[in-house]
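K.L.:
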Amino acid sequence: MKFDGLVDYGGDSTITNKSDKLADHALVMMFRCYRSKWVRLIAVYATSSATTSIVIQNIVVKAMKALEKKGAVVTNVVCDGHPTNKGVHRLFGVSGEMKNVTHYNKHPTNQDEKIYFLFDVPHIMTCIRNHIFTHKFVQVNTLLIRFRKLILKKC
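Going by our numbering, the residue at position 56 of the sequence shown is 111; the numbering climbs one at a time, nothing skipped.
Set out below in structure tokens:
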């Protein structure tokens, strides 16, 4: 699929203004129920390269509010491990630092509830695989595991 157009975050001036830049990426927001395979696309934004963490944070909060207005209960946010998404986690107060691991914070629309932040497991597995094939080692605490012969075979 090919799309030609300018950067546009839906006209919400609290997120960002339209740009004269040509869009080359799409930022996609989806909603998924826990107990079914039901998935809905809820927003697509035309962007230029990586969207900033603060813009994504604003879009996530806006999406939560819109979903909850329609009766949905938003309990977590899932994304891939892109550095921009890690920045979004930091903006929400989530940390992966060994001395300060925090995977949730107060829900932005209901301070009595928690919102959890997760990374998508298939993306994590891909990152681990790519790291092993590139660097030939993995560090677990103080233990360094080296992979001398890595053979990739199709199953």
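Cβ coordinates follow ideal geometry from the N, Cα and C atoms, glycine included.
For I114, which option in V132, G126, A127, V128 has the closest C-alpha, if you only look at C-alpha atoms?
P.N.:
Cα-wise, what sits closest to I114 is V132.
K.L.:
Which of helix, strand or coil does DSSP assign to F188?
P.N.:
Helix.
K.L.:
So V116 is in the alpha helix (DSSP H); what residue range does that whole segment cover?
P.N.:
Per DSSP, V116 belongs to the alpha helix (DSSP H) from 108-124.
K.L.:
With DSSP collapsed to three states, give me the class of C182.
P.N.:
Here C182 sits in helix by DSSP.
K.L.:
May I ask you to verify whether the segment 103-121 touches the segment 152-160, counting CB pairs closer than 8 angstroms and requiring at least 3?
P.N.:
Output reads no: the segment 152-160 does not touch the segment 103-121.
K.L.:
Could you tell me the boundaries of the beta strand (DSSP E) in which V129 lies?
P.N.:
That residue, V129, is in no beta strand (DSSP E); it is neither H nor E in DSSP.
K.L.:
Roughly how many angstroms separate the alpha carbons of G142 and F202, rounded to a whole number?
P.N.:
Near 31 angstroms, if we compare the C-alpha coordinates of F202 and G142.
K.L.:
Which same chain residues, not among the five before or five after T164, have their C-beta less than 7 angstroms away from its C-beta?
P.N.:
Excluding sequence neighbours, T164 sits near M119, K120, E123.
K.L.:
Around the C-beta of F192, are 16 or more other C-beta atoms found within 10 angstroms, so that it is buried, or is it exposed?
P.N.:
Under this definition F192 is an exposed residue.
K.L.:
Give the range of the alpha helix (DSSP H) segment to which L96 is assigned.
P.N.:
Run containing L96: none in the alpha helix (DSSP H); it sits in the beta strand (DSSP E), 94-102.
K.L.:
Quick one: residues in its chain with C-beta nearer than 7 angstroms to the C-beta of S108, no 5 flanking neighbours on either side, listed in chain order?
P.N.:
Taken in chain order, the residues that qualify are T139, G142, V143, L146.
K.L.:
According to DSSP, is K76 helix, strand or coil?
P.N.:
Residue state, collapsed to three classes: coil.
K.L.:
Which stretch, first to last residue, makes up the alpha helix (DSSP H) that contains K141?
P.N.:
From DSSP, the alpha helix (DSSP H) with K141 extends over 138-146.
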